[in-house]
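Here the working numbering is used: the first residue of the sequence shown is 52, the next is one more, and so on.
Heads up, the thing below is written out as structure tokens.
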Amino acid sequence: MNIKEIAKKAGVSVATVSRVLNHPESVASDTKERILTVIKESEYTPNWFARGLNFNKTNTIALLIPNILNPGYMEIAKGVEDVAHQKDYTTLLCNGENDVSKERRYADSLIKRRVDGIVLVSSLLEDEDVELIKKQGIPVVLIGENRNISDVSIVRIDCQGAAYKAVRHLIDIGYRDIAIIYGDTPEIENMRKLEGYRHALSEEGIPDREELILVAPNTVEGGYIAAKKLIDMEKRPRAIFASSDLLAFGVIDAMKDFGLKVPEEIAVMGFDNIRMSNLIEPKLTTVEKPMHKMGVLGARLLFDLMDSKEEEDSANREILLQSKLKIRKSCGHRERIGEIF
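Okay, structure coming up:
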């Protein structure tokens, strides 16, 4: 049975049936009950894509992430999808591979697909790209930071403050020769972590040694190669702060391969607290980034925008989340419950 047959059997117009399916609050209760009874008896299933074409709604959102291989981004994706699923929405997952041209191709494709909204994660897009999307009536929310996108709602953490307190912890337990390995992507977040690192050192009057500041691809392999450079130095650092857990895993692998003990000879601090960080040996001391929560809140912001009658009701909101320091074994201190920053 199709929608016309439903309307005929219920003694109403096709438009009234459509209102029951899309805006039931606008239909009188007795009429609505009559139509819903016919729908239930006929086991009618709406064609959601066709409804999207007719009502400018596809019940689909998109999530554009920088790297599908990064476990942290998958935690964010799960948070977004959890909210979308509750609202009976499909989520399209797009892998930008840290390539702005690929992100732009995805954006163009998503506009043509008429998705109802887009969540960008640490995107490389710029204001003009986002404006092009928004001009098509598609709301956009950003998770993470981007210096080139300003006119959007955003969910983020204080990367600079989190890095400062992570390095501060290393200083407080006795380390002074502290290196940093920060990832090449996402750029703005890692630059803020570098600022936090420098602030913690300068506050204690610890010299800023440029040879202890290394940038690397944000991968396990990148961390391994960068750590080898530090190992080969005549004056090695006593502690290494990595801007992601993936980098920290590479650092620990390098230490093991070159016969150095963690934390007895070199301490290692990570950032993200992905699930593997509590499974490796030694267990990784790291900054917990609430990625699943970021995904949930980013999706909720997006649905607020999509549901809003007037754009200014929900536009340009910022949610700043707190991080936790998860103190485990890789920095030489006994495990204890994380401290909220």
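For glycine and all other residues, C-beta sits at the position ideal for the given N, C-alpha and C.
Beta-carbon gap between residue i and residue j smaller than 9 Å
| i | j | result |
| --- | --- | --- |
| Ala-251 | Leu-298 | no |
| Ala-214 | Val-338 | yes |
| Ile-119 | Met-345 | no |
| Asn-110 | Thr-141 | yes |
| Ile-112 | Val-170 | yes |
| Leu-176 | Asn-199 | yes |
| Glu-255 | Ile-222 | yes |
| Pro-288 | Ile-239 | no |
| Glu-369 | Ser-204 | yes |
| Leu-143 | Leu-161 | yes |
Rounded C-alpha distance that separates residue i from residue j
| i | j | result |
| --- | --- | --- |
| Arg-227 | Glu-246 | 17 Å |
| Ser-174 | Val-192 | 11 Å |
| Glu-154 | Ile-231 | 29 Å |
| Glu-315 | Arg-326 | 24 Å |
| Gly-310 | Gly-273 | 19 Å |
| Asn-283 | Lys-375 | It is Asp, not Asn, that sits at residue 283 in the sequence shown. Asp-283 and Lys-375: Cα-Cα distance of roughly 32 Å. |
| Arg-385 | Ile-378 | Legend: pLDDT at Arg-385 = 44, less than 50; position of this residue unreliable, value from coordinates given subsequently. Cα-Cα distance, rounded: 7 Å. |
| Tyr-233 | Leu-265 | 6 Å |
| Lys-186 | Asn-367 | 16 Å |
| Lys-360 | Ala-290 | In this prediction, Lys-360 has a pLDDT of 46, which is less than 50 and means its spatial position is unreliable; nothing more can be read from the coordinates. |
| Asp-323 | Phe-292 | 12 Å |
| Ala-61 | Glu-76 | 18 Å |
| Phe-354 | Asp-308 | 48 Å |
| Ala-58 | Ser-201 | 47 Å |
| Ser-152 | Pro-117 | 12 Å |
| Ile-317 | Ile-257 | 18 Å |
| Lys-138 | Lys-280 | 50 Å |
| Arg-296 | Glu-262 | The identity of residue 296 in the sequence shown is Asp, whereas the question assumes Arg. Each residue's Cα considered, the two are about 21 Å apart. |
| Gly-349 | Lys-216 | 25 Å |
| Asn-197 | Lys-286 | 36 Å |
| Asp-150 | Asp-167 | 24 Å |
| Thr-236 | Asn-329 | 24 Å |
| Ile-194 | Asp-81 | 44 Å |
| Lys-55 | Tyr-124 | 44 Å |
| Gly-383 | Thr-270 | 24 Å |
| Arg-156 | Asp-178 | 16 Å |
| Gly-130 | Val-181 | 22 Å |
Same chain only: Cβ atoms within 6 Å of residue i, ignoring 5 sequence neighbours per side
| i | result |
| --- | --- |
| Lys-380 | Pro-333, Lys-334 |
| Val-313 | Ile-303, Met-306, Val-319, Pro-333, Ser-381 |
| Val-89 | Ile-57, Lys-60, Ala-61 |
| Asn-241 | Tyr-233, Gly-234, Ser-294 |
| Glu-362 | Low local confidence applies: a pLDDT of 49 at Glu-362 is under 50, so the model's placement there is unreliable, with the coordinate-based value given in what follows. Cβ neighbours of Glu-362 beyond the five flanking positions: none. |
Local conformation of residue i per DSSP, three classes
| i | result |
| --- | --- |
| Asn-110 | coil |
| Gly-195 | coil |
| Leu-330 | coil |
| Val-206 | strand |
| Val-338 | strand |
| Phe-397 | Any question about residue 397 goes unanswered here, given that the chain covers just 52 to 392. |
| Asn-241 | helix |
| Glu-361 | Any reading at Glu-361 needs caution, since the residue's pLDDT is 49, under 50, leaving its predicted position unreliable; the model's value is listed next. Coil at Glu-361, not helix or strand. |
| Tyr-157 | helix |
| Ala-230 | strand |
| Gly-212 | helix |
| Ala-79 | coil |
| Phe-309 | coil |
| Glu-132 | helix |
| Leu-72 | helix |
| Asn-105 | With a pLDDT of 48 at Asn-105, under the threshold of 50, the modelled position of this residue cannot be trusted, and the question is left open. |
| Gly-168 | strand |
When the options are compared against residue i, the one with the closest alpha-carbon
| i | options | result |
| --- | --- | --- |
| Ile-15 | Asp-209, Pro-341, Ala-158 | Because the chain here runs from 52 to 392, residue 15 falls outside it and cannot be looked at. |
| Gly-147 | Glu-126, Thr-141, Leu-114 | Leu-114 |
| Glu-92 | Met-125, Gly-168, Asn-53 | Asn-53 |
| Met-342 | Lys-83, Lys-55, Arg-164, Val-172 | Val-172 |
| Gly-301 | Leu-143, Ile-276, Gln-373, Lys-244 | Ile-276 |
| Pro-122 | Met-357, Lys-340, Ala-278 | Lys-340 |
| Lys-244 | Val-271, Ser-294, Ser-328 | Ser-294 |
| His-220 | Thr-336, Glu-94, Thr-82, Asp-358 | Thr-336 |
| Gly-321 | Asp-358, His-136, Val-218, Glu-94 | Val-218 |
Cβ neighbours of residue i in the same chain (closer than 8 Å, five flanking residues each side left out)
| i | result |
| --- | --- |
| Arg-22 | Absent from the model: residue 22. The displayed extent of the chain is 52 to 392, so no value can be given. |
| Val-78 | Thr-67, Arg-70, Val-71, Ile-86 |
| Arg-351 | Val-134 |
| Asn-105 | Note on Asn-105: pLDDT 48, under 50, position unreliable in the model; the coordinate value appears next. Once the five neighbours on either side are set aside, the close Cβ partners of Asn-105 are Ser-69. |
| Gln-211 | Arg-243, Lys-244, Glu-246, Gly-247, His-250 |
Same chain, Cβ closer than 7 Å to residue i, neighbours up to 5 away in sequence not counted
| i | result |
| --- | --- |
| Asp-209 | Leu-371 |
| Asp-133 | Val-347 |
| Ile-331 | Phe-300, Ile-303 |
is_contact[residue i, chain B] using C-beta, thresh 9 Å
| i | result |
| --- | --- |
| Leu-335 | Among the chains in the structure shown there is no chain B, since it carries only a single protein chain. |
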